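A.B. asks:
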Amino acid sequence: MSLAEKYPEEIKRILAKYPPEHKRSALMPLLYLAQREKGYVDNHAMNEIAEMLEITPTEVAAMIGFYTLYHGEPAGKLRIQVCVDLPCALRGADKFLADLCANLGIEPGGTTADGLVTVEPVMCLAACDKAPVFQTQGPDGIAYHENMTVEKTMQLVEALRESGKEVK
Amino acid sequence: MTELVTLSIDGKQVTVPKGTLVVDAAKQAGIDIPVFCYHPKMEPAGMCRMCLVELGRPMIDRATGQPVLENGQPKIQWAPKLETACTNVVSDGMVVLTRSEKARAGQQEILEFLLTSHPLDCPVCDKGGECPLQNLTLDYGPGKSRFLYNEKHHAEKHVPLGELIWLDRERCIQCGRCVRFQRLVAGEPVLAFDERGRDTEIITNSEPAFDSIFSGNTTDICPVGALTTADFRFGARPWELKSAASLCAQCPVGCNITFNTRREAKSGGRVVIKRVMPRQNEEVNEIWICDKGRFAYHFTESEARLRQPLIRRNGQLQPASWEEALDLAAAKLKAAGKDALILAGGRLSNEDLFNLKKLADGLGAQSVLYTHVGGGDLVTQIGLASGTNLADLGKGDTILVAACDLYEEAPIWWLRVKQAADRGATLIVVNARATRLDKHAGYVVRYAPGDETVTLQGLLKQDKIGAAIREAGNLLVFYAADGLDLNGSTSVAAACANLLIETGHFGRPNNGLIGVWPHANDQGAWEIGFRPEADLAAALKGKTVYIAAADPAGDDPRLAKALQDAGTVIVQELFQTATASLAEVVLPAAAYTEREGTFTSGERRVQRYYPAVPRWAETKADYVITAEIGQRLGLDLEAGAPALVFNRLTAEITAFAGLSYRKLAEVRPQWPIVGRADLYYGGTTYENKQGLGVHLAAAASAGESPHLPEVRKGSGPRPQEDALLAVPVTKLYDLGVTVRSSVLLEARIGLPAITIHPLTAEKMGLKAGEKAMIGLGGHENEVLVKLDETIPAGVALVPRSMGLPVSAPAPLSVGKAK
Ligand code: SF4
Ligand code: SF4
Ligand code: FES
Ligand code: FES
């Protein structure tokens, strides 16, 4: 089902916010809308949005690529995005990332076998003084987790795993 | 008058127009400031930081507004850090240091940084030898790196961006030139940056990938070996190549090109063309060419080329000597006398056409141009005058494009018309269907098929459009035969000519009529006196026909039939075409790449091309073959150098009066400066040292008043209730004689396809992408079905030169594929 079929009202509302000659400005909100579906924007959605805004699919893909909050590829239910930029690196973010991944049995950028968690290194999250820091992105939206340890993070993952069971 | 600004660069006083960028001001003064991301054809982006310089401006006393003096000299306020020369605009009294210690240190550091993630695989890189990164590193680089080799960034090295262009992600320095070219110049933003920081990479998500007809230009302006063409990659080293100045012969724009050639073992010791590069002509193609021009050159080396003369013996075409073949051809023509007919195609040079015309005149025979676009006699009268440059058009000017799909028919004109519209020119597009130009048009006028002429005649009566035409500072009108046959196109030309004449837009630069011809030199044929024949099949009846560079039998079964019914057929060609297969005598012609000559572009600019490779097998140049036939008939035709033929031409054809090969070879300084020593700046495009060409004088500029042509009353064929009307359209990548040998273009040429309205398709139970059988002109063909909502119901677009017999609007039946 296309986005237009599924969310006609919401799309109309988004497009109404921008003057028609600048409708490409609606790209970001439309990407959030599309991402809500599967946690990433698939090719279909990219092409559909491009057509809606009269831009090329390449321009849509470039926007997804530029921002760490948009995803063009499927991943785990929860994305843990660890800042490894210079200030955080000085507070041990590199090691934190490596240890976390080792604990989860994945490589940075990888997803756990059960499809629950993906861990990704990202650039500055603007919380440099509270490193190690990561942001999570999942069905419940975005959240910051500051001054983290691997232990605390594993608890978070466990909690999610439990709740996943409960939901089922 | 443009306001001028004087500044000092490296101690040199430089005066340039206000608004000039520091980097360009330096270039104009002969001072090189290294750049990667900046390109003189595009707005600056300031992305690479290679152009760092020390920059100071006179200090101004706030109280008095006067410059502060120090020892009688203005005191200079230096910018605290190095500045980018590509983003700073000159100002009076500015002081720029490009080679100071500080500036050099900055430049060195940028190069050191760039090289930390560069593979430095120059020995196997196609750009090696003409690479700005390589050259600038030698001139400005640190010579040594403090970074660790093992921590180099690695990325994918062989990424096809479509069939034509390959990307090496490791070599890309993220200058963004390719991305900006596609967005700003080509208007086809199908390249972009993905990711950020060190992971930044070029992507294309279009379908097909890198969907642009200008893609090859990105390989010229890419300052490294990241973008290469599938055609040339790993083909040769730049320093092994010879270059020959030439013209593209694929459309009437007349883009200036350079053929790079090499003698190679791989090709059996032959000298072959390795690639086509643009050659600068700011009034024609600037520094760009389209992908058809760049990739469709392979016909020259095709093994399928005719090698020797053929004569029909016992019903079979068999090899013969030139003597035999020429004697036979001459005897046949002599016997026919005024019952001979000479049919020529616009692929021939002015010299070839002139000799053919003299031969026809000597025999008293008719000389016919093989074309589907009419009105060249009008272009002769009110075509473009000397001093015309599409780049001069902008605000206050109007461009009308009628019955023409410029994008498919003349890409570089499309590009330049689009740019004129971007600069503020009013663009009016008049056509029966939507084309790529509509997006850039101020006014789009659609007509029902058959109403093309009345619609054009009515334009002046329309409020805004009428005013835009009448009040235009300059008015250019492009026309062709989109959806039409020769007759339709002739009336469109007449209607367009009337618009120009009535509103007084002719006889001066940047005003006039342009025929968008199917070939490079149709306009030359008109000037020399060739005329198309409305009913060619009837005209061929009983004639002895001498056909050069045209394949009527391949295009239209009715013409094939007419040729079978004609008397003797003599064919002069590159290939064994359908027409050649019907001939009594076949004369193998040299390709234009193998000889010298001139073409007259659609803008009526006469330009020279030079030999690039030796003549193939036993072939001879067209003008020589004709002259040798003529000599056998006792006619005095020139078979010597093309320049000698050209001299005779200029003496006889008034429009060419005063021209000479030497004059055509004259050059003037052009901006931007490009060429071998400046390739970091303009790209690998070639400098023009061989001639910019000269406009033919339009009869109207010489004071002759043009006559208002009569416009055909009545209309062309219209779609009927319950029947489809096939209308011919032109496709850029088709199966033309000089295109089909380029295997690389196969996917872009694709299968023959017809385009119909979705409702029509629904009625017939057809879907997009499905195969169907069509019946056209008594023939059945299998085609793909494409859908387009913008075309009128009841009409089917059928491409020319794709093996479908469509030379005029005609009824079409469509059925399911078997
Ligand atoms: S591919 Fe070439 S032109 Fe494009 S960004 Fe990279 S280096 Fe620049
Ligand atoms: S625009 Fe025409 S002349 Fe120029 S390169 Fe393309 S086909 Fe050749
Ligand atoms: S560097 Fe990690 S949050 Fe700023
Ligand atoms: S920043 Fe000036 S050339 Fe790149």
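As you go down the protein sequences, you meet chains A and B in turn.
Just so you know, this note's numbering puts 1349 at position 121 of the first sequence, and the rest follows in order with no gaps.
Just so you know, this note's numbering puts 479 at position 424 of the second sequence, and the rest follows in order with no gaps.
Glycine is no exception: its CB is placed at the ideal position from the N, C-alpha and C atoms.
Just so it is clear, the structure is predicted and the values come from calculations on it, not from any experiment.
#1: Check whether the Cβ of VAL875 of chain B sits closer than 6 Å to any heavy atom of ligand 2, and report yes or no.
#2: Using a Cβ distance threshold of 8 Å, determine whether the segment 546 to 563 of chain B contacts the segment 378 to 389 of chain B, with at least three qualifying pairs required.
#3: Taking contact to mean at least 3 C-beta pairs separated by less than 8 Å, is the segment 542 to 553 of chain B in contact with the segment 505 to 523 of chain B?
#4: Determine, for THR259 of chain B, whether the minimum Cβ-Cβ distance to residues of chain A falls below 7 Å.
#5: Would you call the segment 810 to 821 of chain B and the segment 212 to 229 of chain B in contact, with 3 or more CB pairs under 8 Å?
#6: Spatial neighbours of LEU191 of chain B within its chain, please: CB distance less than 6 Å, with the 5 preceding and 5 following residues excluded, ordered by chain position.
#7: DSSP three-state call for PHE350 of chain B: helix, strand or coil?
#8: What is the rounded straight-line gap between the Cα of LYS389 of chain B and the Cα of GLY597 of chain B?
#9: Helix, strand or coil for TRP133 of chain B, going by three-state DSSP, please let me know.
#10: Among B:GLY713, B:GLY746, B:GLY148, which has the Cα closest to the Cα of GLU337 of chain B?
#11: Going along chain B, which residues have a C-beta under 7 Å from PHE1294 of chain A?
#12: Nearest CA to the CA of VAL571 of chain B: which residue from B:LYS157, B:VAL838, B:CYS186, B:HIS427?
#13: Shorter than 6 Å, the distance from the beta carbon of PRO113 of chain B to the closest heavy atom of ligand 2, or not?
#14: For LEU1353 of chain A, is the beta carbon positioned less than 6 Å from some heavy atom of ligand 3?
#15: Contact between the segment 271 to 285 of chain B and the segment 1323 to 1333 of chain A is defined here as three or more beta-carbon pairs at a separation below 8 Å; is this criterion met?
#16: Examine ligand 2 and report whether any of its heavy atoms sits within less than 6 Å of the Cβ of ILE328 of chain B.
#17: For ligand 3, is there any heavy atom lying closer than 6 Å to the beta carbon of CYS1316 of chain A?
#18: With a threshold of 7 Å between beta-carbons, can ALA1406 of chain A be considered close to chain B, or not?
#19: Whole angstroms are fine: how far does the CA of ASP460 of chain B sit from the CA of ASP540 of chain B?
#20: Which residues of chain B have a Cβ atom closer than 8 Å to the Cβ of THR1286 of chain A, listed in chain order?
#21: Below 9 Å between beta carbons is the criterion; list the residues of the segment 1267 to 1280 of chain A that meet it against any residue of chain B, in chain order.
#22: Just mark TRP294 of chain B as buried or exposed, buried being the case when its beta carbon has 16 or more other beta carbons within 10 Å.
#23: So the alpha helix (DSSP H) VAL78 of chain B belongs to, where does it begin and stop?
#24: For a contact meaning CB atoms closer than 9 Å, what does MET1351 of chain A contact in chain B?
#25: Going by C-alpha distance, which of B:ARG773, B:ASN542, B:ARG330, B:ILE344 is nearest GLU765 of chain B?
#26: Decide if GLY1320 of chain A is buried, meaning its Cβ has at least 16 other Cβ atoms within 10 Å, or exposed.
#27: Can you list, in chain order, the stretches of the beta strand (DSSP E) that have 3 or more residues and sit fully within the segment 135 to 189 of chain B?
#28: Using CA atoms only, rank isn't needed, just tell me which of B:LEU831, B:VAL144, B:THR785 is closest to ALA778 of chain B.
#29: Contact between the segment 704 to 721 of chain B and the segment 73 to 93 of chain B: three or more CB pairs below 8 Å?
#30: Mind checking which residues open and close the alpha helix (DSSP H) that includes GLU801 of chain B?
#31: Where DSSP assigns a beta bridge to TRP221 of chain B, which residues make up the other side?
#32: Would ARG402 of chain B and ALA720 of chain B be called neighbours here (beta carbons separated by less than 7 Å)?
#33: Residues around ligand 4, please: the condition is that the C-beta lies closer than 6 Å to some non-hydrogen atom of it.
#34: Within 10 angstroms of its Cβ, does ASN369 of chain B collect 16 or more other Cβ (buried), or is it exposed?
#35: For a quick check, are the C-beta atoms of ARG491 of chain B and GLY449 of chain B less than 7 Å apart?
#36: In this structure, how does DSSP classify HIS427 of chain B when only helix, strand and coil are distinguished?
C.D. replies: The short version:
#1: Here chain B covers residues 56 to 873 and nothing more, so residue 875 of chain B does not appear.
#2: no
#3: yes
#4: yes
#5: no
#6: PRO89, TYR735
#7: helix
#8: 15 Å
#9: strand
#10: B:GLY746
#11: ARG251
#12: B:HIS427
#13: no
#14: yes
#15: no
#16: no
#17: yes
#18: Here chain A covers residues 1229 to 1396 and nothing more, so residue 1406 of chain A does not appear.
#19: 15 Å
#20: PRO244, VAL245, LEU246, ALA247, ILE258, THR259, ASN260, SER261
#21: ASN1271, MET1274, ASN1275, ALA1278
#22: exposed
#23: 77 to 83
#24: ARG251, GLY252
#25: B:ASN542
#26: exposed
#27: 150 to 152
#28: B:LEU831
#29: no
#30: 801 to 804
#31: B:PRO215, B:THR283
#32: no
#33: B:VAL90, B:PHE91, B:CYS92, B:TYR93, B:GLY101, B:MET102, B:CYS103, B:ARG104, B:MET105, B:CYS106, B:THR139, B:CYS141
#34: exposed
#35: no
#36: coil
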